[in-house]
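In the working numbering, the protein residues as written are 429 to 711. Even for Gly, the Cβ is constructed at its ideal location relative to N, Cα and C. What follows is a short report on a single structure.
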């Protein structure tokens, strides 16, 4: 009994640093952001003027809309490609699968400023591939502009696909071989098996992964900043400019935008949870 109590005390003591870390670096800044969002520009007077400013300013509303649109498109594109890629990986030997997943893990962490600079070097206006194909007389990238919405979505999709692959890949091992054999005995083709059994089974994982990709794209800052700077109106860029700018420093307004960003992510996660419950109920 004494040993059991001692183990419990040691167990709680081991968690104290983790709890302090969460409070200091997650809950603390979050509460401070919420508090500042309900303050006037002087940082002392309680007010909802910051939220009024956001909803009455077409520029900030456009930033929210742009971020939602680009996050939705990149998440949808990534989830479709990742579902196909994850299935393709399962067709290889175990050794090859391990190597591919290792590459996917490394690629998923290659984002931010290094990723943007890599794309600029390769596909920018004077990029390696752009000049190479131009010299060869193949104007493949003649109409492509890396510093546009298309280029931004392309870069987002690049670092979203490996993350989606790692999240969806384990779900394929839940599909039993006996299911395929039973479906084949009943006369179902491979396409009908995936349409009626395989894809519905994977739907909870696909929907859950989509919400993670959406939130990941909504919060992306360094990649967009290094690629397009302030040329495009995105929510994450607006928050950074209001909090760390030398020209328009308004941390309270930036906190309000941060609260709206967090609310958008929580809303996406809530919708995802509702969809997952409905999918599981239907299954």
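Query	Result
Euclidean distance between Cα positions of residue 562 and residue 573	14 Å
DSSP beta-bridge partners of residue 467	474
Completely contained alpha helix (DSSP H) runs for the stretch 674-705, where each covers 4 or more residues	none
Option nearest residue 642 by Cα separation, candidates 628, 615, 592, 671	592
Contacting residues, own chain, Cβ-Cβ under 8 Å from residue 504 (five flanking each side not counted)	638
Cβ-based neighbour list, residue 663, same chain, cut-off 6 Å, excluding 5 preceding and 5 following	491, 492, 495, 689
Buried versus exposed call for residue 569 [16 or more other C-beta atoms within 10 Å across all chains shown]	buried
Spatially closest choice to residue 551 from 680, 575, 498, 488, by CA coordinates	575
Residue burial classification, residue 630 (beta-carbon count within 10 angstroms, cutoff 16)	buried
Spatial neighbours of residue 471 in its chain, beta-carbon cut-off 8 Å, leaving aside the 5 residues before and after	464, 679, 680
Option in 682, 615, 585 with minimal Cα separation from residue 507	585
Endpoints, alpha helix (DSSP H) assigned at residue 658	That residue, residue 658, is in no alpha helix (DSSP H); it is neither H nor E in DSSP.
Runs of alpha helix (DSSP H) wholly within the stretch 588-653 (minimum 4 residues, chain order)	605-613, 618-621, 627-646
At least three beta-carbon pairs within less than 8 Å, the stretch 643-662 to the stretch 536-543	yes
Contacting residues, own chain, Cβ-Cβ under 7 Å from residue 626 (five flanking each side not counted)	603
Spatial distance of residue 514 from residue 634 (CA atoms)	11 Å
Proximity winner among 703, 518, 436, relative to residue 599 (alpha-carbon distances)	518
Pairwise C-alpha distance: residue 440 and residue 533	32 Å
Runs of alpha helix (DSSP H) wholly within the stretch 507-572 (minimum 4 residues, chain order)	522-536, 541-551, 556-563
Residue from 646, 655, 705 with nearest C-alpha to residue 501	646
Cβ neighbour criterion (16 or more within 10 Å) applied to residue 609	exposed
Beta-carbon proximity of residue 482 to residue 684, cut-off 7 Å	yes
Rounded separation between residue 577 and residue 535 - CA only	22 Å
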